[in-house]
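Participant: Chains as they are written, first to last, in UniProt numbering: chain A, 1 to 203; chain B, 1 to 203.
Don't be surprised by glycine CBs; every beta carbon is placed ideally from N, CA and C.
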DNA sequence: TTAGACATGTAAACTGTTACATGATTCC
DNA sequence: GGAATCATGTAACAGTTTACATGTCTAA
């Protein structure tokens, strides 16, 4: 069993659901496409980790509702007790930021503004989700506690990244000020600008 | 060419280096094993994006020092101008946190403490790296500016995650207080505890 | 003396993405 | 009329990891 399998067991541990629903719920935990989820569910069902029930629907296609079994819960519990593997982040944005100034300096501001817009959008969506979490699910005793704290985690981190973006924008702006004013600026003005650039690193 | 290829070009854009060195430098940009890097470098060399020079060494194995070509710079520049793909984060810790309380509540505190330790270790290492960045490389004009801002980004985010971990620990602690004191606590005390639990969400 | 850094490569296995396949319903 | 949602599946391909291979030097 791979990590995706345990992620699936985690989601099913709260609510039985279809492969289609799993694909959306997994997004925050361990992103996967339906083409990976369906075959794995079949395999897990054969191994007795999950069971499913056919649900006929009118107007919509029929679906299979999967639930976790006792064996599945045991397997999940054993896996959780192991130390988690190091996290892996793959983000093209980081590569582009890294090389931005060697390749095309003017494009940098646009790239960062688009990043901010995306992050703000994500935060807004999650804020709505957090707002619908009822107070009784915000406590350790609730099975929705894990989801609640993870939603908050993502938002804290995304907001922090927005702050970082704004810091970088400030650095870019200040460097433009220097460039435009170098011809007329006195040494005193220049030093003031240089000092203002490092305002963030002192926080 | 895949994203790893552009990540390699990005690193070579600053400093020519060997496949072995690339493996370490790529860690923050696009993690990859040497078994993936070496064959790709050969392919990129055949396509004229990079060139290499044999360097004989005594005591150590010989190495190939790769540099980016003009064609490589053009390819990188064109790729940077495209919109970055959505970032992908795969983190087993998140799955374990999500399921922690259904499977084994007592283990949660340990898991989070280990997370904090790891994050603090990473931050300390990066702080050292940031400290060695000279002031002239902290400006947009430097080819090390990208690395400098990315180091700061990672540290800001890791520090924010440490705060989040401490918030979760607080929630867990408070729930224990409630559990232990329920038999003797007055309604007033109970309400005070409940209020203290949400202190963080008001920030 | 044993682990880790330096250094490069290949092969097999596994994981993940894209494309192919089908089809009704609802909302703009 | 077209896109999105619901719903499940397979096949081919691309990307990533683990294991196999080899060998020296240095520091704990």
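As an exercise, report each continuous beta strand (DSSP E) stretch of at least 3 residues that is fully enclosed by the segment 78–133 of chain A, in chain order.
Facilitator: Counting only runs of 3 or more, we get 88–90.
Participant: Could you tell me the distance, in whole angstroms, from the CA atom of residue 85 of chain B to the CA atom of residue 146 of chain A?
Facilitator: Within the second chain, the letter at position 85 stands for residue 85 of chain B. Within the first chain, the letter at position 146 stands for residue 146 of chain A. If I take the Cα positions, the gap works out to 28 Å.
Participant: Below 8 Å between beta carbons: does that hold for residue 35 of chain B and residue 80 of chain A?
Facilitator: Taking the first residue of the second chain as 1, we reach residue 35 of chain B at position 35. Taking the first residue of the first chain as 1, we reach residue 80 of chain A at position 80. Their beta carbons are not under 8 Å apart, which means residue 35 of chain B does not touch residue 80 of chain A by this criterion.
Participant: Within 8 Å (strictly less), CB to CB, does residue 192 of chain B reach chain A?
Facilitator: Residue mapping note: residue 192 of chain B aligns to position 192 of the second chain, counting from 1. With a pLDDT of 49 at residue 192 of chain B, under the threshold of 50, the predicted position of this residue should be treated as unreliable, and no value is reported.
Participant: Taking 8 Å as the threshold (C-beta atoms), are residue 48 of chain A and residue 9 of chain A in contact?
Facilitator: As a position in the first chain, residue 9 of chain A is number 9, starting the count at 1. As a position in the first chain, residue 48 of chain A is number 48, starting the count at 1. No. Outside cutoff.
Participant: Counting pairs of beta carbons, one from the segment 156–169 of chain B and one from the segment 156–164 of chain A, are three or more of them closer than 8 Å?
Facilitator: Touching, yes, given that three or more Cβ pairs across the two stretches are closer than 8 Å.
Participant: Let me confirm a value: residue 198 of chain A is counted as buried when at least 16 other C-beta atoms fall within 10 Å, else exposed. Which label applies?
Facilitator: By 1-based counting over the first chain, the position of residue 198 of chain A is 198. Any reading at residue 198 of chain A must be qualified, since the residue scores a pLDDT of 46, below 50, and its modelled position is unreliable; the value itself is stated next. Residue 198 of chain A comes out exposed.
Participant: With H, G and I counted as helix, E and B as strand and the rest as coil, what does DSSP make of residue 287 of chain B?
Facilitator: For residue 287 of chain B there is no data in the structure shown, the boundaries of chain B being 1 and 203.
Participant: Return yes when the Cβ of residue 12 of chain A is within less than 8 Å of the Cβ of residue 50 of chain A, no when it is not.
Facilitator: Within the first chain, the letter at position 50 stands for residue 50 of chain A. Within the first chain, the letter at position 12 stands for residue 12 of chain A. Against a cut-off of 8 Å, the Cβ pair of residue 12 of chain A and residue 50 of chain A comes out as a contact.
Participant: Whose C-beta lies closer than 7 Å to the C-beta of residue 123 of chain B among residues of the same chain, with five residues either side of it excluded?
Facilitator: Here residue 123 of chain B refers to the residue found at position 123 of the second chain. Closer than 7 Å at Cβ, skipping near neighbours: 155, 158 and 159.
Participant: Write down the C-beta distance between residue 5 of chain B and residue 29 of chain B rounded to the nearest angstrom, noting that I regard them as a contact closer than 8 Å.
Facilitator: Start at 1 with the first residue of the second chain, and residue 5 of chain B comes out as number 5. Start at 1 with the first residue of the second chain, and residue 29 of chain B comes out as number 29. That pair is no contact at about 12 Å.
Participant: Taking Cβ-Cβ distances shorter than 8 Å, what residues in chain B pair up with residue 93 of chain A?
Facilitator: Here residue 93 of chain A is taken as the residue at index 93 of the first chain, counted from 1. Per Cβ cutoff of 8 Å: 84 and 87.
Participant: Between the segment 100–129 of chain A and chain B, which residues of the former have a C-beta closer than 9 Å to a C-beta of the latter?
Facilitator: So the close ones are 100, 101, 102, 103, 104, 105, 107, 108, 111, 114, 115 and 118.
Participant: In its own chain, which residues sit with a C-beta less than 6 Å from the C-beta of residue 19 of chain A, not counting the 5 before and 5 after it?
Facilitator: Start at 1 with the first residue of the first chain, and residue 19 of chain A comes out as number 19. Cβ neighbours of residue 19 of chain A beyond the five flanking positions: 37, 38 and 41.
Participant: When the cut-off is 8 Å and only beta carbons count, does residue 199 of chain A lie next to chain B?
Facilitator: Reading the first chain from its first residue, position 199 is the one you call residue 199 of chain A. Because the pLDDT of residue 199 of chain A is 41, which lies under 50, any placement of that residue in the model is unreliable, and the number read from its coordinates should be weighed accordingly. Taking Cβ atoms only, chain B never reaches closer than 8 Å to residue 199 of chain A, which makes this a no.
Participant: For residue 168 of chain B, which three-state DSSP category applies?
Facilitator: Position 168 of the second chain holds residue 168 of chain B. Helix at residue 168 of chain B.
Participant: Can you list the residues of chain B that residue 24 of chain A reaches, using a CB-CB cut of under 7 Å?
Facilitator: Residue mapping note: residue 24 of chain A aligns to position 24 of the first chain, counting from 1. Under the 7 Å cutoff, chain B gives no residues; its nearest Cβ is about 15 Å from residue 24 of chain A.
Participant: Closer than 9 Å between beta carbons: that is the criterion. Which residues of the UniProt domain "Transcription regulator PadR N-terminal" (8–77) of chain A meet it against chain B?
Facilitator: Within the UniProt domain "Transcription regulator PadR N-terminal" (8–77) of chain A, the residues whose Cβ lies closer than 9 Å to some Cβ of chain B are 9, 10, 11, 13, 14, 28, 29, 30, 31, 73, 76 and 77, listed in chain order.
Participant: Could you tell me if residue 125 of chain B is buried or exposed, where buried requires 16 or more neighbouring beta carbons within 10 angstroms of its beta carbon?
Facilitator: Numbered from 1 along the second chain, position 125 holds the residue referred to as residue 125 of chain B. It counts as exposed.
Participant: Quick one: what's got a C-beta closer than 7 Å to residue 150 of chain B's C-beta in the same chain, skipping five residues either side?
Facilitator: The residue labelled residue 150 of chain B in the question sits at position 150 within the second chain. Closer than 7 Å at the Cβ level, and outside the excluded window around residue 150 of chain B, lie 28.
Participant: Please classify residue 152 of chain A as buried or exposed, where buried requires at least 16 other C-beta atoms within 10 Å of its C-beta.
Facilitator: By 1-based counting over the first chain, the position of residue 152 of chain A is 152. Per the 10 Å Cβ criterion, buried.
Participant: What did DSSP end up calling residue 18 of chain A once you bin it into helix, strand or coil?
Facilitator: Within the first chain, numbered from 1, the residue matching residue 18 of chain A stands at position 18. Residue state, collapsed to three classes: coil.
Participant: With distances taken from CA atoms, which of B/114, B/148 and B/141 is nearest residue 127 of chain B?
Facilitator: Within the second chain, residue 127 of chain B is the residue found at index 127, counting from 1. Nearest C-alpha to residue 127 of chain B: B/148.
Participant: Where does residue 88 of chain A land, buried or exposed, given buried means 16+ other C-beta within 10 angstroms?
Facilitator: The residue labelled residue 88 of chain A in the question sits at position 88 within the first chain. Counting Cβ neighbours within 10 Å, residue 88 of chain A comes out exposed, since fewer than 16 surround it.
Participant: In whole angstroms, what separates the C-alpha of residue 78 of chain A from that of residue 97 of chain B?
Facilitator: Locating residue 78 of chain A in the first chain gives position 78, where the first residue counts as 1. Locating residue 97 of chain B in the second chain gives position 97, where the first residue counts as 1. In a straight line, the C-alpha of residue 78 of chain A is about 14 Å away from that of residue 97 of chain B.
Participant: Give the secondary structure of residue 163 of chain B by DSSP, where H, G and I count as helix, E and B as strand, and everything else as coil.
Facilitator: Taking the first residue of the second chain as 1, we reach residue 163 of chain B at position 163. In this structure, residue 163 of chain B counts as helix in the three-state DSSP scheme.
Participant: At a CB-CB cut-off below 7 Å, which residues of chain B make contact with residue 139 of chain A?
Facilitator: Counted from its first residue, the first chain places residue 139 of chain A at position 139. Neighbours of residue 139 of chain A on chain B, chain order: 175.
Participant: Taking the Cβ atom as the reference point for each residue, do residue 121 of chain A and residue 133 of chain A lie within a distance shorter than 8 Å?
Facilitator: Indexing the first chain from 1 puts residue 121 of chain A at position 121. Indexing the first chain from 1 puts residue 133 of chain A at position 133. Not a contact, by the Cβ cut-off of 8 Å.
Participant: So which residues of chain A does residue 3 of chain B contact, with C-beta pairs closer than 8 Å?
Facilitator: As a working mapping, residue 3 of chain B is identified with position 3 in the second chain. Per Cβ cutoff of 8 Å: 90, 92 and 95.
Participant: Mapping the DSSP letters down to three states, classify residue 141 of chain A as helix, strand or coil.
Facilitator: To locate residue 141 of chain A, count along the first chain from 1; it is residue 141. Looking at residue 141 of chain A - three-state DSSP - the assignment turns out to be coil, as it is neither helix nor strand.
Participant: Starting from the beta carbon of residue 151 of chain B, find every residue of chain A whose beta carbon is closer than 7 Å, and list them in chain order.
Facilitator: Taking the second chain and counting its residues from 1, one reaches residue 151 of chain B at position 151. What residue 151 of chain B touches in chain A: nothing, since even the nearest Cβ is about 11 Å away.
Participant: How big is the Cα-Cα spacing for residue 142 of chain A and residue 140 of chain B?
Facilitator: For this step, residue 142 of chain A is matched to residue 142 along the first chain. For this step, residue 140 of chain B is matched to residue 140 along the second chain. Computed Cα separation, rounded: 49 Å.
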